[in-house]
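What follows is one structure encoded as structure tokens, with my remarks underneath.
Numbering (our numbering), first residue to last: 16 to 220.
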């Protein structure tokens, strides 16, 4: 069980979730886009939300500004989160169009809001679970896409909810996050996504 929880913690690392969401989106909407458009957007997401943040993390670690892989310490999180927020802003500003990719656009806006909220909480000495922010936002995105395209993803949504439980258990077991941090992270992941439904989902219902 211990090994299984560790697998879930790594599989649903916050840096992987945006790529999962983008891949899921294009699997559902592939008939509406040219193949080269899909590749271009996905590569941009991969570079700006995974590869560059990982490179910066290892740079900070080599400079001894970061000591742990999961950024357990509150002070260690501030700089990586600030940098990640900047990368998300660049991605939203230059890679997505609200008219062409509204669902993906608002998903990433929600992720940016969640990251900024997590950073703001750090300034007040509170820590939100980044793992729970990521997987909660992904789950709500899938629910939104299900409602938007009137396609039932019941098993996938149930799978994501179960995975959220495993990820939360993993974070608690490893003492990476406390119960308050897990609950706070879940709320911060959910609320921006639900709030932004007003702009892209509600008008279609």
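Glycine included, every Cβ here is placed at the ideal spot set by N, Cα and C.
What's the call for residue i, buried or exposed, on a 16-neighbour Cβ count within 10 Å?
i	result
residue 128	buried
residue 96	buried
residue 242	Since the first residue shown for the chain is 16 and the last is 220, residue 242 is missing from the structure and cannot be characterised.
residue 200	buried
residue 42	exposed
residue 56	buried
residue 78	exposed
residue 50	exposed
Relative to the C-alpha of residue i, which candidate in the options has its C-alpha closest?
i	options	result
residue 90	159, 109, 211, 142	142
residue 179	140, 207, 168, 144	144
residue 40	153, 203, 199, 177	153
residue 123	136, 101, 134, 94	101
residue 137	93, 147, 164, 126	93
residue 98	115, 75, 118	75
residue 157	24, 78, 118, 219	118
residue 25	181, 205, 219, 214	181
Among residues of its own chain, excluding the 5 on either side of residue i, which ones have a beta-carbon nearer than 7 angstroms to its beta-carbon?
i	result
residue 133	96, 143, 145, 148, 203
residue 168	157, 161
residue 113	120
residue 23	178, 181, 182, 185
residue 212	159
Are the beta-carbon atoms belonging to residue i and residue j less than 8 angstroms from one another?
i	j	result
residue 64	residue 30	yes
residue 150	residue 32	yes
residue 197	residue 186	yes
residue 155	residue 130	no
residue 34	residue 61	yes
residue 216	residue 163	yes
residue 58	residue 45	no
Excluding sequence positions up to five away, which residues of its chain have a Cβ less than 8 angstroms from the Cβ of residue i?
i	result
residue 107	120, 123, 124, 127
residue 166	43, 160
residue 69	30
Just to confirm my understanding: we take residue i, look at its own chain, exclude 5 residues before and 5 after, and list those with CB closer than 6 angstroms. What are they?
i	result
residue 205	151, 155
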